[in-house]
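Participant: Chains as they are written, first to last, in the working numbering: chain A, 124 to 656; chain B, 4 to 327. Even for Gly, the Cβ is constructed at its ideal location relative to N, Cα and C.
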Amino acid sequence: MTQSLLEIDKLSVTFQLPNGPVTAVKDVSFSIAEGETLALVGESGSGKSVTSTAAMRLLPELAETSGAIRFNGENLLEVTPKRMRRVRGNDISMIFQEPMTSLNPLHRIGRQIGEVLIRHKQLKGKANRQRVLELLNQVGIPEPERRIDSYPYELSGGQRQRVMIAMALAGEPKLLIADEPTTALDVTVQAQILELLKSLQAKYGMAILFITHDLSIVRHFADHVAVMRYGEVVESGRTLDVFDNPQHEYTRMLLDAIPRGRKEPAPADSPVLLSGQDVKVRFALKKRLFGKNEYFEAVRGIDLSIRRGQTLGIVGESGSGKSTLGRALLRLLKSEGEIRFEEADISGLDKSGMRPLRSRLQVVFQDPFGSLSPRMTVGDIISEGLKVHHPELNRRQREAEVIAALEEVALDPSMRNRYPHEFSGGQRQRIAIARALILKPELLLLDEPTSALDRSVQVRVIDLLRDLQKKHGLTYLFISHDLSVVRALSDDVLVMKEGRVIEQGSTEMIFSQPKEAYTQALLKAAFLESEAA
Amino acid sequence: MTSDTKPYSGEQAQGAPLPAGGPNPPRSPEPEADVAPVGAAPIGESLAKDAWRRLSQNRAAMLSLGLLIAIIVVCIVGPWLLPWGLAEVDWNAFGTGPTLENAHYLGTDANGRDLLTRVLYGGRVSLSVALVASFVSLVIGVLYGAISGYLGGRVDNYMMRFVDIMYSLPFMFLVILLMVVFGRNIFLIYAAIGAVEWLDMARIVRGQTLALKRREFIEAAHALGVRDTKIVTRHLIPNAIGPVIIYVTLTVPKVILLESFLSFLGLGVQEPLTSWGVLISEGVDMMESAPWMLLVPSIFLALTLFCLNFLGDGLRDALDPRTR
Numbered sequence: 124m125t126q127s128l129l130e131i132d133k134l135s136v137t138f139q140l141p142n143g144p145v146t147a148v149k150d151v152s153f154s155i156a157e158g159e160t161l162a163l164v165g166e167s168g169s170g171k172s173v174t175s176t177a178a179m180r181l182l183p184e185l186a187e188t189s190g191a192i193r194f195n196g197e198n199l200l201e202v203t204p205k206r207m208r209r210v211r212g213n214d215i216s217m218i219f220q221e222p223m224t225s226l227n228p229l230h231r232i233g234r235q236i237g238e239v240l241i242r243h244k245q246l247k248g249k250a251n252r253q254r255v256l257e258l259l260n261q262v263g264i265p266e267p268e269r270r271i272d273s274y275p276y277e278l279s280g281g282q283r284q285r286v287m288i289a290m291a292l293a294g295e296p297k298l299l300i301a302d303e304p305t306t307a308l309d310v311t312v313q314a315q316i317l318e319l320l321k322s323l324q325a326k327y328g329m330a331i332l333f334i335t336h337d338l339s340i341v342r343h344f345a346d347h348v349a350v351m352r353y354g355e356v357v358e359s360g361r362t363l364d365v366f367d368n369p370q371h372e373y374t375r376m377l378l379d380a381i382p383r384g385r386k387e388p389a390p391a392d393s394p395v396l397l398s399g400q401d402v403k404v405r406f407a408l409k410k411r412l413f414g415k416n417e418y419f420e421a422v423r424g425i426d427l428s429i430r431r432g433q434t435l436g437i438v439g440e441s442g443s444g445k446s447t448l449g450r451a452l453l454r455l456l457k458s459e460g461e462i463r464f465e466e467a468d469i470s471g472l473d474k475s476g477m478r479p480l481r482s483r484l485q486v487v488f489q490d491p492f493g494s495l496s497p498r499m500t501v502g503d504i505i506s507e508g509l510k511v512h513h514p515e516l517n518r519r520q521r522e523a524e525v526i527a528a529l530e531e532v533a534l535d536p537s538m539r540n541r542y543p544h545e546f547s548g549g550q551r552q553r554i555a556i557a558r559a560l561i562l563k564p565e566l567l568l569l570d571e572p573t574s575a576l577d578r579s580v581q582v583r584v585i586d587l588l589r590d591l592q593k594k595h596g597l598t599y600l601f602i603s604h605d606l607s608v609v610r611a612l613s614d615d616v617l618v619m620k621e622g623r624v625i626e627q628g629s630t631e632m633i634f635s636q637p638k639e640a641y642t643q644a645l646l647k648a649a650f651l652e653s654e655a656a
Numbered sequence: 004m005t006s007d008t009k010p011y012s013g014e015q016a017q018g019a020p021l022p023a024g025g026p027n028p029p030r031s032p033e034p035e036a037d038v039a040p041v042g043a044a045p046i047g048e049s050l051a052k053d054a055w056r057r058l059s060q061n062r063a064a065m066l067s068l069g070l071l072i073a074i075i076v077v078c079i080v081g082p083w084l085l086p087w088g089l090a091e092v093d094w095n096a097f098g099t100g101p102t103l104e105n106a107h108y109l110g111t112d113a114n115g116r117d118l119l120t121r122v123l124y125g126g127r128v129s130l131s132v133a134l135v136a137s138f139v140s141l142v143i144g145v146l147y148g149a150i151s152g153y154l155g156g157r158v159d160n161y162m163m164r165f166v167d168i169m170y171s172l173p174f175m176f177l178v179i180l181l182m183v184v185f186g187r188n189i190f191l192i193y194a195a196i197g198a199v200e201w202l203d204m205a206r207i208v209r210g211q212t213l214a215l216k217r218r219e220f221i222e223a224a225h226a227l228g229v230r231d232t233k234i235v236t237r238h239l240i241p242n243a244i245g246p247v248i249i250y251v252t253l254t255v256p257k258v259i260l261l262e263s264f265l266s267f268l269g270l271g272v273q274e275p276l277t278s279w280g281v282l283i284s285e286g287v288d289m290m291e292s293a294p295w296m297l298l299v300p301s302i303f304l305a306l307t308l309f310c311l312n313f314l315g316d317g318l319r320d321a322l323d324p325r326t327r
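#1: Can the beta-carbon of residue 194(B) be found closer than 8 Å to that of residue 215(B)?
#2: Secondary structure at residue 191(A), three-state DSSP: helix, strand or coil?
#3: Does residue 241(B) get closer than 8 Å to chain A when you measure Cβ to Cβ?
#4: Under a three-way DSSP split, which group does residue 347(A) fall into?
#5: Starting from residue 501(A), find everything on chain C with Cβ-Cβ shorter than 7 Å and list it in chain order.
#6: Determine the chain B residues that contact residue 482(A) at a beta-carbon separation under 9 Å, and present them in chain order.
#7: Could you check where the alpha helix (DSSP H) with residue 299(B) kicks off and where it finishes?
#8: I'd like to know if residue 357(A) contacts chain B, where contact means its C-beta is closer than 8 Å to some C-beta of that chain.
#9: What residues from chain A crowd round residue 325(B), counting only those whose CB sits closer than 8 Å?
#10: Please report the straight-line C-alpha distance between residue 586(A) and residue 382(A), rounded to a whole angstrom.
#11: Taking the DSSP output, what are the residues bridged to residue 333(A)?
#12: Between residue 223(B) and chain A, is the shortest Cβ-Cβ distance under 8 Å, so that the two count as touching?
#13: What residue ranges within the stretch 452-520 of chain A form continuous beta strand (DSSP E) runs of no fewer than 3 residues, ordered along the chain?
#14: To the nearest angstrom, how far is it from the Cα of residue 225(A) to the Cα of residue 231(A)?
#15: Counting C-beta neighbours from all protein chains within 10 Å, is the total for residue 243(A) 16 or more, i.e. buried, or is it exposed?
#16: What's the C-alpha gap between residue 66(A) and residue 583(A)?
#17: Look at the alpha carbon of residue 327(A) and the alpha carbon of residue 256(A), and state the distance between them as a whole number of angstroms.
#18: Assess, as a yes-or-no matter, whether the stretch 532-539 of chain A is touched by the stretch 498-507 of chain A under the definition of 3 or more beta carbon pairs within less than 8 Å.
#19: In whole angstroms, give me the CA-to-CA distance for residue 70(B) and residue 181(B).
#20: The beta strand (DSSP E) that contains residue 139(A), what's its start and end?
#21: Would you mind working out which of 153(B), 295(B), 324(B) sits nearest residue 119(B), comparing C-alpha positions?
#22: Quick check on residue 592(A) - is its C-beta less than 8 Å from some C-beta in chain B?
#23: Near residue 185(A), which residues of its chain fall below 8 Å by C-beta distance, leaving aside the five closest residues on each side in sequence?
#24: Taking 7 Å as the limit between beta carbons, can you name the residues of its chain near residue 465(A), skipping five residues before and five after?
#25: Any beta-carbon of chain B closer than 8 Å to the one on residue 337(A)?
#26: Please confirm if residue 56(B) has its CB atom under 8 Å from at least one CB of chain A.
#27: Check this for me: beta carbons of residue 602(A) and residue 415(A), under 8 Å apart or not?
#28: Any C-beta of chain A sitting closer than 8 Å to the C-beta of residue 274(B)?
#29: Use the C-beta contact count for residue 368(A): other C-beta atoms within 10 angstroms, 16 or more gives buried, fewer gives exposed.
#30: With which residues is residue 144(A) paired in a DSSP beta bridge?
#31: Residues of chain B with CB closer than 7 Å to the CB of residue 508(A), please, in chain order.
#32: Go ahead and pull the three-state DSSP assignment for residue 179(A).
#33: Strictly under 8 Å for the Cβ-Cβ distance: is residue 218(B) near chain A by that measure?
#34: Which ranges does the beta strand (DSSP E) cover as unbroken runs of at least 3 residues, wholly within the stretch 550-616 of chain A, from first to last along the chain?
#35: Residue 351(A) and residue 196(A): beta carbons closer than 8 Å?
#36: With contact counted as at least three CB pairs below 8 Å, one residue from each stretch, are the stretch 474-486 of chain A and the stretch 557-568 of chain A in contact?
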């Protein structure tokens, strides 16, 4: 191994909170050599971000650090704040997860990149602009001469992340810390960004500390890997060694946490439960007092049908209209076209007309933090549907139903008097599932139910969904951008792009012989082959 | 979470909110099914009961509540126990300071009327105006704002334009108009102030509602088939309550001062009846020769406002299950 550039030696970080100290990072040691990539892997709360933030000395004041962070032999924990400002951006720079919020929306991107150059390279005026153009070119922004004067909102998510990378590169750092740089991006964009980072690394010879929860990226991207849990490094080594021969049970569990198996197909003669014909949804962008309104067409005429007991997976990148389609099919959004539920046309029904059907058509949303009202107890949340659809039940009967529903999703029923904030993401998603199940629905719309969860939790939620489907003969409309999850759960898959269906067929067909170029690109970007092992 | 550094004691809940920039509360991947945070809410508590339990643990808020109740009781009962009437002139004591000798415990004003008696009578007026006007603004403003924001679109547009029109109406003009039509009456002050104060509240609640109604739990309620009225009352309003309470605590002093302003112009309460605002403005004129005339009503007012602020803060925290 070459000489190490960054060496973290027995780093501990403790937060002094009002109700006692919390140790977020404990005795963490690892090192990165020049030009190599180390991936720091772990699930949420494992302390991986805290470790990297500590290396930049950007932790909040109530954090206490001990140990050493040596950069080129200099202990960064001991240098003066002034020296640290020189190090940041010049020697070490950082890109963040959220490209939407890490750029200042009020400044043109050229100015934001230029600021780094003024600060660290003393480049001003024409030379500054020239260098910014060069950087934009390098990170693959099309038409840099025009884009340099764009505001962040004019760029797509992937382009914004490229701008962030350009900012990080402006100081020509020796070490780039990338904190989940692709998590908020679509898979195809993610692949491009990773490709870009790799080529820039080769060009500048910089080291990358890559923080992620996604193991499939790590295998393709990093030389070394350190696995973190509860603030400790449980295993580290060369990526291939760790992946092929994991020593620690936690690493094995993480590697194993890939949705496996396939769904048993529903009987071929089962009747069609829900069907849509030429479903269209459009949103008014601009309403004019006179003249025509401007519309955005989110869903542009889609035909589909789901048979009882079947799972239809709807796949697509963000903005493809898949969530809009799901909501339209359940008549949560206004749409055009015909929607039939058990032969009956429901597209013309109004709110009160839909109400009796609501108990049979239920939804589980993506964000387990946003989908539960923070001011209601879990019991109230789950029983709300009963109050609407079974007003004849008394308090005690409702309570019994809630207990049964909680047991069904493997939560302790005694938790029903707690508030949602006391639960973890996976538990909240179970609560959301219980809320839907208590009404004994026939069709469940699952809108990215696992996207906000850690892999290992994901796998358990998927198992739960699969069991429930088998037990109650449920029909799922499963919306996701995560292809491995879709593969594990669906009978049929529908690939969407820009409000249209690109490809449609059985899961087996789509995954083994995708016909359309777009589907092929999606599959390739998702690094799915790792599952075959 | 390392159990050796984080003590789990009595009432502490797991995963206390960490400051920005801190780590997510570390969660083990295993305990999906069995983790039971220590010290959670007891069985079968409603939000109101739960809030009361948390409020009662807040010492500043409870002290304020007690003091506020004491002030209200004294204002109601006090004048009956004192030997002086509201307009009764003591010809032996014009503008005397606080003393125990002649039963003018807090002194008299320039006309020889007992100050304590007048402050307590004034308290009745000020507190009742504050209470009624704030309550009116709370009820109308919250409902109006929540409905407008929730329904959105054209209805929202019309409802808010109506608010704008009300805003543009000069307040004095409104009051004078009411006086002309209905004659002079204390209830007119309630009506006039209430009619103006709910406008701000409606705007605040509407803004909150607009942000809330796009949250997924509202959408989930739609998917459950919950009726619109229930969505507004059960989901929207409870979640908008934080800013509402803060605003109410700001409304109360505003209303008290507004009332004194009206009285000062001769449109509010009339002599001999008085209010804290009137007493304070009278006291300002006599500040140099008789400072107690300013101090006594000011202390009552300040104390009331302090209590309201502490109580408001306590209520806001108590009504949010996330703060424990």
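Facilitator: Judging by the given coordinates:
#1: no
#2: strand
#3: yes
#4: strand
#5: Any reference to chain C falls outside this structure, whose protein chains are A and B.
#6: 227, 228
#7: 295-321
#8: Between residue 357(A) and chain B, the shortest Cβ-Cβ separation is not below 8 Å.
#9: 497, 542, 544
#10: Using only the alpha carbons, I get a separation of about 9 Å.
#11: 162(A), 301(A)
#12: yes
#13: 459-464, 484-487
#14: 13 Å
#15: A buried status is given to residue 243(A), since no fewer than 16 other beta-carbon atoms sit within 10 Å of its beta-carbon.
#16: The first residue shown for chain A is 124 and the last is 656, placing residue 66(A) beyond what the model contains.
#17: Looking at the two C-alpha atoms, the distance is approximately 17 Å.
#18: yes
#19: Distance between the alpha carbons of residue 70(B) and residue 181(B) is about 36 Å.
#20: Under the DSSP assignment, residue 139(A) falls in the beta strand (DSSP E) whose first and last residues are 127-140.
#21: Cα-wise, what sits closest to residue 119(B) is 295(B).
#22: no
#23: Excluding residues within five positions, the ones whose Cβ falls inside 8 Å are 138, 139, 140.
#24: 396
#25: no
#26: no
#27: no
#28: no
#29: exposed
#30: BP columns for residue 144(A) point to 139(A).
#31: Simply 227.
#32: coil
#33: Answer yes: the Cβ-Cβ gap between residue 218(B) and chain A drops below 8 Å somewhere.
#34: Runs of the beta strand (DSSP E) inside the stretch 550-616 of chain A: 566-570, 598-603.
#35: no
#36: yes
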